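Input: a single structure, listed below in structure tokens.
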Amino acid sequence: MMKFLQKLGKSLMLPVACLPICGILMGIGYAISPTTMQGGTPEGFLELLGLFLVKAGGSLIDNMAILFVIGVGVGMSDDNDGTGGVAALASWLMMKTLLATGFVTTIMPAIAENPSAKLAFDKIENPFIGIIAGIIGSMCYNKFKNTKLPDWLAFFSGKRCVAIVAGVVSILVSVVLLFAWPVIFGALVSVGQAIVGLDAVGAGIYAFLNRLLIPTGLHHALNNVFWFDTIGLGDLGHFWAGETSADVSWSLGMYMSGFFPCMMFGIPGAALAMIQTAKSNKRKVAIGLVGSAAFCAFICGVTEPFEFGFMFLAPALYLVYALLYGVFTTITVLLGFRAGFCFSAGATDLVFSASLPAAANTWLIIPLGIAAFIVFYVVFRFAIVKWDLKTPGREDDDVEAEKAVVLSNDNFTEVAAIILEGIGGKNNVASIDNCITRLRLEVKDTTLVDEKLIKSAGVSGVIRPGKTSVQVVVGTKVQFVADEFKKLCK
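Just so you know, the sequence shown maps onto residues 4 to 493 in the working numbering.
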């Protein structure tokens, strides 16, 4: 399971890498166009420029699920074949159509009369469904890419049948989700209703569950309980309507305030820990990914580029991350800091919400922010080092010794041929893949593997991480060797 999650995490790196620039554009846009943030009509060059930047950044943030569909579909497919991405897209289109509110309420009219169930299907286009579609597409590719059909169906043999199979699987998954999704969504709404009366502790529990459910998209269920008027709360709506705690039955803003120190300062602290613990040869990569993501979180509260960058690589650390949100939210509510957001808990929303009647003790963001930065930094650094967690820049593939490999010659076909002979021939090869420095192979019979012969090609070493897995440490020229290896296996 852990191996699957790590592979899933790596496959998400490509779409996640698209998100930081979107967050930066949106942060700048909201900063120069507060009217856009507040839902008004922008006027003047700067306001229109801000709107332009917000729309440019939001074009990908709003369609993040589709990025994950393609990223997972291609990234988890053998050979990173694009056919898996096409099959994943077919799966996504089918599931989002079959589970769209309009269609669901047509075939099951009772759902239209159930606000919770209807809301569940309103939120069906989320990253969780996107990741499921990506997994369906890639798994169907891996399983059916070599399928041979009868002569009269020969046109659909091999890769051409992958999207068809993915479509059939997607129909079955949609039937399951048709009944399971509203139940899960409704259960979370019930949880939200149960913790409303717990005051500051309830706000902390909500913040913890909010972050924990981000990967599934089910956080929308809780958000609708606390931020909007699903059960008569509507913390966000009442806050921005200019009301105060005297107008409602709870401390207005308590379900938004705790996110500010975590997003604005906690995430940068955690990002610094990741950068400092990254391997020296990958530190620049870590800076580019988590550094820019931290900037997005601080400016406008866009956290997905940071969270999806490590949640599948180190799920235990993500659980700790969610717990820190719960702790800081409870503390924030008890100290009386109150601020609100209409987009997310970044500096932009903090500045513009500070003048609203319900805002209180906004100066506390400084001590709270410093505390969040230090705590997130210390906890993340300790956990990463103590348990050798594979956060960005610390993956097993990043080994300096592997990069220094000197092959026996630059005839990559000859090197690949030696490795193939040492692996037991092409009939013993079940699958072929490669990372930055290693040729990753699955074999049918491990007794046929001759490590001494493989090493004669000048490779650094041979690693056997699993019963049928063989990894050949080639070095930075692995892509050229892998390409020739695949040709020889055809």
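Cβ coordinates follow ideal geometry from the N, Cα and C atoms, glycine included.
From a predicted model like this one, the values you see are computed outputs, not experimental measurements.
Where L225 falls: helix, strand or coil (DSSP) | One-based indexing of the sequence shown puts residue 225 at position 222. Note: L225 maps to helix in three-state DSSP.
Leaving aside the five residues before and after R384 along the sequence, list all residues of the same chain whose C-beta is less than 8 Å from its C-beta, in chain order.
-> Numbered from 1 along the sequence shown, position 381 holds the residue referred to as residue 384. Correct list, in chain order: A276, Q279, T280.
Quick one: complete alpha helix (DSSP H) runs, 4+ long, within the stretch 96-174?
-> 104-110, 118-125, 130-147
What number of angstroms, rounded off, separates the C-alpha of A325 from the C-alpha of V473?
-> One-based indexing of the sequence shown puts residue 325 at position 322. One-based indexing of the sequence shown puts residue 473 at position 470. Near 36 Å, if we compare the C-alpha coordinates of V473 and A325.
When L392, D84, F263 are compared against P318, the one with the closest alpha-carbon | Mapped onto the sequence shown, residue 318 falls at position 315. Looking at the Cα atoms, L392 is the closest of the given residues.
Who are the Cβ neighbours of K447 in its own chain at under 6 Å, not counting the five residues just before and after it?
-> Locating residue 447 in the sequence shown gives position 444, counting from the first residue. The residues are N431, A433.
Quick one: Cα of K285 to Cα of E454, how far?
-> For the purposes of this step, residue 285 is taken as the residue at position 282 of the sequence shown. For the purposes of this step, residue 454 is taken as the residue at position 451 of the sequence shown. Their backbone Cα atoms lie some 29 Å apart in a straight line.
Determine the extent of the alpha helix (DSSP H) in which A244 is found, giving its start and end residues.
-> As a working mapping, residue 244 is identified with position 241 in the sequence shown. Careful: A244 lies outside any alpha helix (DSSP H) and carries neither H nor E.
Measuring alpha carbon to alpha carbon, tell me which of M142, G240, A115, N66 ends up nearest V89.
-> Here residue 89 refers to the residue found at position 86 of the sequence shown. Nearest C-alpha to V89: M142.
Starting from the Cα of W390, find the closest Cα among F331, L320, E417 and give me that residue.
-> As a first step, residue 390 is located in the sequence shown; it is residue number 387 there, counting from the start. It is L320.
Host alpha helix (DSSP H) of N213 (start-end) | The count along the sequence shown starts at 1 and reaches residue 213 at position 210. That run of the alpha helix (DSSP H) goes 202-215.
Nearest to K490 (by Cα), restricted to the options G428, I187, A274, F301 | On the sequence shown, position 487 is the one that residue 490 refers to. With distances taken between Cα atoms, K490 lies closest to G428.
Whole angstroms is fine: what's the gap from T219's alpha carbon to V57's?
-> For the purposes of this step, residue 219 is taken as residue 216 along the sequence shown, with counting starting at 1. For the purposes of this step, residue 57 is taken as residue 54 along the sequence shown, with counting starting at 1. Taking the straight line joining both Cα atoms gives about 25 Å.
Report the three-state DSSP secondary structure of S193 (helix, strand or coil).
-> Residue numbering aside, residue 193 sits at position 190 when the sequence shown is read from its first letter. The answer is helix: DSSP assigns S193 an H, G or I state.
Assign S472 to one of three DSSP states: helix, strand, or coil.
-> Position 469 of the sequence shown, counted from the start, is the residue given in the question as residue 472. In this structure, S472 counts as strand in the three-state DSSP scheme.
Please classify V432: does DSSP put it in a helix, a strand, or coil?
-> Numbered from 1 along the sequence shown, position 429 holds the residue referred to as residue 432. In this structure, V432 counts as strand in the three-state DSSP scheme.
Can you name the start and end residues of the beta strand (DSSP E) that E445 belongs to?
-> By one-based count along the sequence shown, residue 445 stands at place 442. Element bounds for E445: 441-446.
Comparing alpha-carbon positions, which option in P18, C21, I31, S14 lies nearest F301?
-> Locating residue 301 in the sequence shown gives position 298, where the first residue counts as 1. Of the candidates P18, C21, I31, S14, the one whose C-alpha sits nearest the C-alpha of F301 is I31.
Given N364, which residues of its chain have a CB within under 8 Å of its CB, disregarding the five upstream and five downstream residues?
-> Here residue 364 is taken as the residue at index 361 of the sequence shown, counted from 1. Once the five neighbours on either side are set aside, the close Cβ partners of N364 are L338, G339, F340, R341.
Which residues mark the beginning and the end of the alpha helix (DSSP H) in which G76 is found?
-> If you number the sequence shown from 1, residue 76 lands on position 73. Residues 67-78.
Looking only at C-alpha atoms, which of P118, E128, G105, M97 sits nearest to I139?
-> Along the sequence shown, read from residue 1 onward, the residue named residue 139 stands at position 136. For the residues P118, E128, G105, M97, the minimum Cα distance to I139 belongs to M97.
Which residue from C303, G269, V305, G312 puts its Cα closest to that of I290?
-> As a first step, residue 290 must be located in the sequence shown, where it is residue number 287. Considering only alpha carbons, the answer is G312.
Which same chain residues, not among the five before or five after V251, have their C-beta less than 6 Å away from its C-beta?
-> What you label residue 251 is simply residue 248 of the sequence shown in a count that begins at 1. The residues are H241.
Check A407 in the structure and name its three-state DSSP category.
-> As a working note, residue 407 is residue 404 in the sequence shown. Note that A407 scores 43 on pLDDT, short of 50, meaning its location in the model is unreliable and no value can be drawn from it.
How far does the beta strand (DSSP E) with G237 in it reach, from first residue to last?
-> Residue numbering aside, residue 237 sits at position 234 when the sequence shown is read from its first letter. Counting along the chain, G237 falls outside any beta strand (DSSP E), and DSSP gives it neither H nor E.
Can you list, in chain order, the residues of its chain whose CB lies under 7 Å from that of I377, leaving out five sequence neighbours each side?
-> On the sequence shown, residue 377 is found 374 positions in, with the first residue counted as 1. Closer than 7 Å at the Cβ level, and outside the excluded window around I377, lie G272.
Quick one: Cα of D352 to Cα of F344, how far?
-> What you label residue 352 is simply residue 349 of the sequence shown in a count that begins at 1. What you label residue 344 is simply residue 341 of the sequence shown in a count that begins at 1. The alpha-carbon atoms of D352 and F344 are separated by roughly 5 Å.
From the DSSP output, read off the bridge partner residues of F464.
-> Locating residue 464 in the sequence shown gives position 461, counting from the first residue. In the sequence under discussion, the amino acid at residue 464 is Gly, which differs from the Phe named in the question. Paired residues: V476.
Is DSSP giving A362 helix, strand or coil here?
-> On the sequence shown, position 359 is the one that residue 362 refers to. Coil.
DSSP state of R397, grouped into three classes?
-> As a first step, residue 397 must be located in the sequence shown, where it is residue number 394. R397: coil per DSSP, three-state reduction.
Beta-carbon contacts of G464 that lie in its chain and below 6 Å, excluding the five residues immediately before and after | In the sequence shown, counting from the first residue as 1, residue 464 sits at position 461. Counting only Cβ-Cβ distances below 6 Å, and skipping sequence neighbours, we find V476.
Per the contact definition of three or more C-beta pairs closer than 8 Å, is the stretch 326-337 in contact with the stretch 195-215?
-> yes
Under the three-state DSSP convention, the category N83 falls into = Within the sequence shown, the letter at position 80 stands for residue 83. Three-state result, N83: helix.
Beta-bridge pairing of N284 - partner residues as DSSP gives them | Residue 284 sits at position 281 when you count from the first residue of the sequence shown. Bridge partners of N284: none, in fact.
When P153, H222, V171, W95 are compared against L122, the one with the closest alpha-carbon | If you number the sequence shown from 1, residue 122 lands on position 119. Checking every option, the nearest Cα to that of L122 belongs to H222.
Distance between beta carbons of G425 and A456, contact taken as under 8 Å | Along the sequence shown, read from residue 1 onward, the residue named residue 456 stands at position 453. Along the sequence shown, read from residue 1 onward, the residue named residue 425 stands at position 422. Reading off the sequence, residue 456 comes out as Leu, not Ala. With 8 Å as the limit, L456 and G425 qualify as a contact, their Cβ atoms being about 4 Å apart.
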